[in-house]
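All remarks here apply to the structure that follows.
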Amino acid sequence: MGVVSPGFHGRPRESSRRLPPGQYETHDFPVLSAGPTPRIDREDWEFTVTTETGDRHSWNWAELTSLPSESPTLDLHCVTKWSKFDTSWQGVSLDVLLTGVETAADFVMVSSYGGYTTNLPLEDLLDGQAWIAYGYEGDDIPPEHGGPARLLVPHLYFWKSAKWVHGMRLLTGDEPGFWESLGYHDYGDPWREQRYQGD
Numbered sequence: 001m002g003v004v005s006p007g008f009h010g011r012p013r014e015s016s017r018r019l020p021p022g023q024y025e026t027h028d029f030p031v032l033s034a035g036p037t038p039r040i041d042r043e044d045w046e047f048t049v050t051t052e053t054g055d056r057h058s059w060n061w062a063e064l065t066s067l068p069s070e071s072p073t074l075d076l077h078c079v080t081k082w083s084k085f086d087t088s089w090q091g092v093s094l095d096v097l098l099t100g101v102e103t104a105a106d107f108v109m110v111s112s113y114g115g116y117t118t119n120l121p122l123e124d125l126l127d128g129q130a131w132i133a134y135g136y137e138g139d140d141i142p143p144e145h146g147g148p149a150r151l152l153v154p155h156l157y158f159w160k161s162a163k164w165v166h167g168m169r170l171l172t173g174d175e176p177g178f179w180e181s182l183g184y185h186d187y188g189d190p191w192r193e194q195r196y197q198g199d
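Read in UniProt numbering, the sequence shown has 128 at position 128, and its numbers run on one by one without any break.
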């Protein structure tokens, strides 16, 4: 008679508790993009928040990087089923950028250099949940991973963390972005496996 009862498998590994359903852990950093990689000089880079009434709030590179920054360590979950643990970033919280922005919006359309867009609820960018990142693992973000700056929203699938971020338009109603208009889920919660419309 065995020492271990049938069906007993011991405690789950720490990684399995951090891995959403349907995902596998990777140690590399796959490069996935909807189009060619744009090359943006920092001197030309700008990030703009436009409210539903047309008010604009803009930051150039020097202004963004002079703001108080944070260094979050995050797990990333891609809709193509890879997850990467403990990635280290540097950037500015959206809480900082949206301080003083008057809006009645509930949604955001994020746009990128190169034309990519993705939609999110505004509340998912607040309360320490999202950043405009400009550093990765102690260095600049490589262009293929969204440099010079990208959005980070780690609690949603990674397509919501737009590379080469350029601006945000605040909206009173939801609109689909690039992948969402092609059938991807409007929200994209990895723990609920919201990959496609209807999930």
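Don't be surprised by glycine CBs; every beta carbon is placed ideally from N, CA and C.
All figures in this text were calculated on a predicted structure; none of them were measured in a lab.
- Measure from the alpha carbon of V101 to the alpha carbon of each residue in R56, F47, I40, D186, then state which is nearest. Checking every option, the nearest Cα to that of V101 belongs to R56.
- Query: Which one of L97, F107, D75 has the shortest CA to CA distance from G177?
  - Reply: The shortest C-alpha separation from G177 is found at F107.
- Ranges of the alpha helix (DSSP H) found wholly within the UniProt domain "Oxidoreductase molybdopterin-binding" (35–179), counting only runs of at least 4: 61–66, 94–97
- Within its chain, find whatever has a CB closer than 8 Å to the CB of D95; leave out the 5 residues flanking it on each side and keep chain order. Correct list, in chain order: L126, D127, G128.
- Message: Within 8 Å, do at least three Cβ pairs link the segment 132–141 to the segment 81–97?
- Response: Segments in contact, yes.
- Taking only the alpha-carbon atoms, compute the straight-line gap between H185 and Y196 and give it to the nearest angstrom. Between H185 and Y196, the C-alpha separation is close to 4 Å.
- Query: Is there contact here, the segment 107–118 with the segment 69–85, by at least three beta-carbon pairs under 8 Å?
  - Reply: no
- Message: On a Cα-Cα basis, can you pick out the residue from D199, R150, G173 that is closest to I40?
- Response: R150
- Message: Rounded to whole angstroms, what is the Cα-Cα separation between E123 and T172?
- Response: 13 Å
- Task: Per DSSP, which residues does E25 bridge with? Please list them.
- Result: S83
- Message: Taking the beta carbon of S66 as the centre, do at least 16 other beta carbons fall within 10 Å, making it buried, or is it exposed?
- Response: Exposed, since its Cβ has fewer than 16 Cβ neighbours within 10 Å.
- Sorted by chain position, which residues of the same chain lie with C-beta nearer than 8 Å to E25's C-beta, five sequence neighbours on each side aside? S15, L19, W82, S83, K84, F85
- Task: Could you have a look at H9 and say whether DSSP puts it in helix, strand or coil?
- Result: Any reading at H9 must be qualified, since the residue scores a pLDDT of 43, below 50, and its modelled position is unreliable; the value itself is stated next. Note: H9 maps to coil in three-state DSSP.
- Message: Looking at the strands, I want to know which residues DSSP matches up with Y196.
- Response: Y184
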